[in-house]
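There are 2 protein chains.
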Amino acid sequence: MAGDSRPIGVFDSGMGGLTVLRALTARLPHERFVYLGDTARLPYGTKSAETVQAYALQATRLLLGEGVKMVVIACNTASAVALYLLQQSWDPVPVIGVIEPGAAAGVAATKNKRIAVLATESTVRGRAYARAIQQLMGDADVIQQPCQVFVALAEEGWADTPATMAAAAHYLGPLFEGDNAPDTLVLGCTHFPVLSRAIRQTVGERIALVDSAETTAAAVAKALAAGNLAADGAGEVRPMRFFATDSPERFARVGAIFLGRAIGADEVELVDLRNA
Amino acid sequence: MAGDSRPIGVFDSGMGGLTVLRALTARLPHERFVYLGDTARLPYGTKSAETVQAYALQATRLLLGEGVKMVVIACNTASAVALYLLQQSWDPVPVIGVIEPGAAAGVAATKNKRIAVLATESTVRGRAYARAIQQLMGDADVIQQPCQVFVALAEEGWADTPATMAAAAHYLGPLFEGDNAPDTLVLGCTHFPVLSRAIRQTVGERIALVDSAETTAAAVAKALAAGNLAADGAGEVRPMRFFATDSPERFARVGAIFLGRAIGADEVELVDLRNA
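Line by line, the protein sequences are chains A and B. FYI, the numbering for the first sequence is 3 to 278, going by this note's numbering. FYI, the numbering for the second sequence is 3 to 278, going by this note's numbering.
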């Protein structure tokens with residue numbers, strides 16, 4: 003078996019999905035990846051479902067043009083509204099979102115069936131995590147907490163500054179008070195793994211922390227194996243390619259925070275999705 | 003003299019410009035106002051100058067269709083790239099931006115010719131305040147500080163929570179250390195007046211704080227008088243109208259923080275600017 007050397011495509015509205023790419027490369031070092039951040043049109047979270055579906059189709063078309071063998075939607079908003087559409091449109095290329103893996107891991111971790119989900123305002127409003135969790139565990143109690151300030155803190159790279167600790171106390175303190183508190187916390191936004199140290203310090207060691215970047219990487223590994231799509235890496239670490247729809251310079255600078263390693267602006271290719 | 007009862011049009015990419023509207027209504031209680039937030043396409047700050055100019059033209063066209071006698075660009079990004087274009091396009095309807103009034107007030111306030119400007123990343127990168135200040139005071143030293151987290155804190159309504167105080171200390175502490183510190187601080191983003199109490203506590207009483215919403219309102223009052231355009235209010239408080247290009251519900255909820263009073267979702271009319 004020679005293995006499938008085609009790259010895996012990953013897209014997000016911006017740079018937050020690089021936390022998913024980071025988890026993917028850590029878990030699958032022999033795979034090649036192509037990452038697309040639709041930075042000219044972010045945020046997706048404030049846009050209508052129809053618009054986000056159209057954008058997700060364009061992003062996927064670009065990735066398929068790069069010959070990818072699988073597409074990962076590293077964006078909660080797009081996963082919530084476009085996963086099924088993309089799965090239907092490009093069968094048999096597998097398409098994997100971030101919500102189902104995070105929901106499944108939350109369900110596996112909870113003992114008291116009370117699961118807190120931290121997400122952006124729009125993800126909370128769409129109730130995608132609540133629905134996904136309750137499909138797997140009908141009697142689960144899902145407490146959704148919008149955490150908009152976390153997004154800005156993560157983009158600033160303030161992993162555990164006093165401001166981040168204070169914001170974590172503000173959002174999470176009331177959530178974990180009392181005997182009926184959740185025992186599991188799902189990070190339902192691709193930005194939030196950057197803040198996981200501050201979140202862990204705030205909620206304590208007894209709460210199960212589910213990082214949907216990690217769980218998505220696990221789901222991708224499983225799908226590669228199931229579809230006989232894994233690369234046959236002989237110890238070799240494969241290069242990555244980055245595409246952005248606006249300012250490669252900002253993508254490189256802010257993206258480094260999420261990817262956990264430096265990105266050169268010359269590694270980022272500017273693309274226009276409007277005609278994709 | 004009967005006075006000019008036509009409304010004044012105000013636009014922004016979103017709700018932040020409502021701090022300018024608040025200052026305007028406080029100063030000009032007899033004027034009528036029409037406010038447009040282009041919420042479907044925010045933020046403007048990450049978009050190209052050409053795109054923002056096109057959006058600003060569309061916004062202005064909608065306001066002129068409502069019969070306004072003056073247009074206020076309550077948005078730093080649009081002021082920086084589209085003020086001159088709008089002034090040329092709709093002469094003799096006066097168009098006023100937020101940057102020049104803030105810059106002029108900063109220059110009037112400083113004694114040591116060192117002025118700090120807090121703004122979004124894109125305003126800092128465009129150097130619009132630095133240019134406007136140095137046109138008025140060639141030897142001024144302008145220290146620009148991007149404060150992205152402030153935007154999220156303001157949108158969350160966290161006027162002076164511990165997280166806001168910690169973020170203010172992070173951004174402003176180093177700026178005002180030492181003998182050569184600025185003596186004047188310009189709030190160069192329409193979101194920031196919401197945080198002015200926390201900012202004041204952090205920098206102390208000796209720093210002159212310039213709120214560009216207040217200074218823009220003063221510039222509008224002056225232009226109304228100069229153009230003989232003021233309304234002839236007989237003690238009457240005039241109603242406001244709101245337009246948004248996305249989710250009237252979110253506009254009403256978040257907008258209330260910036261306007262300083264409740265807004266009913268039914269006061270907000272959904273409009274489409276794409277064909278304006």
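Think of the CB as a built atom: it goes at the ideal place given N, C-alpha and C, for glycine as much as any other residue. Please read these numbers as outputs of a predicted model, since none were measured by experiment.
Counting beta carbon pairs with one atom in the segment 158 to 173 of chain A and one in the segment 82 to 98 of chain A, are three or more of them shorter than 8 Å?
no
Own chain partners of residue 3 of chain A with C-beta closer than 6 Å, once the 5 adjacent residues on each side are dropped:
Its pLDDT being 49, under 50, residue 3 of chain A is placed unreliably in this model, and the value from its coordinates should be taken loosely. Contacts found: none.
Looking at residue 111 of chain A and residue 186 of chain A, is the spacing between their C-beta atoms short of 8 Å?
yes
Whole beta strand (DSSP E) runs in the segment 193 to 221 of chain A with 3 or more residues, listed along the chain?
210 to 213
Based on DSSP bridge pairs, tell me the residues matched to residue 12 of chain B.
B/37 and B/74
Using Cβ-Cβ distances below 7 Å, what residues of the segment 139 to 157 of chain B are close to chain A?
150, 151, 153, 154, 155 and 157
Would residue 197 of chain A and residue 213 of chain A be called neighbours here (beta carbons separated by less than 8 Å)?
no
Under 8 Å between C-beta atoms of residue 37 of chain B and residue 23 of chain B:
yes
Alpha helix (DSSP H) runs contained entirely in the segment 135 to 171 of chain B, provided each spans 4 or more residues
150 to 157
According to DSSP, is residue 3 of chain B part of a helix, a strand, or is it coil?
Unreliable positioning characterises residue 3 of chain B in this predicted model, as indicated by a pLDDT of 49, which lies under 50. A coordinate reading is not provided.
Looking at residue 176 of chain A and residue 116 of chain A, is the spacing between their C-beta atoms short of 8 Å?
no
Residues of the segment 238 to 266 of chain B with Cβ closer than 8 Å to any Cβ of chain A, in chain order
248, 249 and 252
Please report whether the beta-carbon of residue 169 of chain B lies at a distance below 8 Å from any beta-carbon of chain A.
yes
Who does residue 186 of chain A pair with in a DSSP beta bridge?
A/117 and A/210
Spatially closest choice to residue 106 of chain A from A/123, A/86, A/85 and A/133, by CA coordinates
A/133
Determine, for residue 193 of chain A, whether the minimum Cβ-Cβ distance to residues of chain B falls below 8 Å.
no
Just checking: is the beta-carbon of residue 15 of chain B within a distance shorter than 8 Å of some beta-carbon in chain A?
no
Taking the continuous alpha helix (DSSP H) assigned at residue 126 of chain B, which residues delimit it?
123 to 128
Top-ranked residue by Cα proximity to residue 275 of chain A, from A/231, A/194, A/13 and A/6:
A/13
Counting only Cβ-Cβ distances shorter than 8 Å, please list the residues of the segment 25 to 37 of chain A near chain B, keeping chain order.
none
At a Cβ cut of 7 Å, what residues of the segment 99 to 116 of chain B count as close to chain A, listed as they run along the chain?
none
Counting contacts by CB-CB distance shorter than 8 Å, is residue 164 of chain A in contact with chain B?
yes
Using a beta-carbon distance below 8 Å, is residue 48 of chain A in contact with chain B?
yes
For chain A, is any of its Cβ atoms less than 8 Å away from the one on residue 41 of chain B?
yes
I'd like to check one pair, residue 16 of chain A with residue 76 of chain A: are the Cβ atoms closer than 8 Å?
no
Looking at the C-beta of residue 19 of chain A, does it have a partner C-beta in chain D at a distance below 8 Å?
In the structure shown, chain D does not exist; the protein chains are A and B.
Counting pairs of Cβ atoms below 8 Å between the segment 133 to 151 of chain A and the segment 146 to 159 of chain B, do you hit three or more?
yes
According to DSSP, is residue 43 of chain B helix, strand or coil?
coil
By the DSSP assignment, the alpha helix (DSSP H) with residue 24 of chain B in it spans what residues?
20 to 29
Residue 267 of chain B versus residue 51 of chain A: straight-line alpha-carbon distance, rounded
21 Å
Nearest by alpha-carbon distance to residue 270 of chain B: which of B/39, B/228 and B/32 is it?
B/39
For a quick check, are the C-beta atoms of residue 218 of chain B and residue 98 of chain B less than 8 Å apart?
yes
Simplified DSSP state of residue 98 of chain A, which is helix, strand or coil:
strand
Can you tell which of A/139, A/257, A/243 and A/253 has the C-alpha that lies nearest to the C-alpha of residue 68 of chain A?
A/243
Note down, in chain order, each residue of its chain lying with its Cβ closer than 7 Å to the Cβ of residue 272 of chain A, except the 5 sequence neighbours on either side.
246 and 250
I'd like to check one pair, residue 101 of chain A with residue 131 of chain A: are the Cβ atoms closer than 8 Å?
yes
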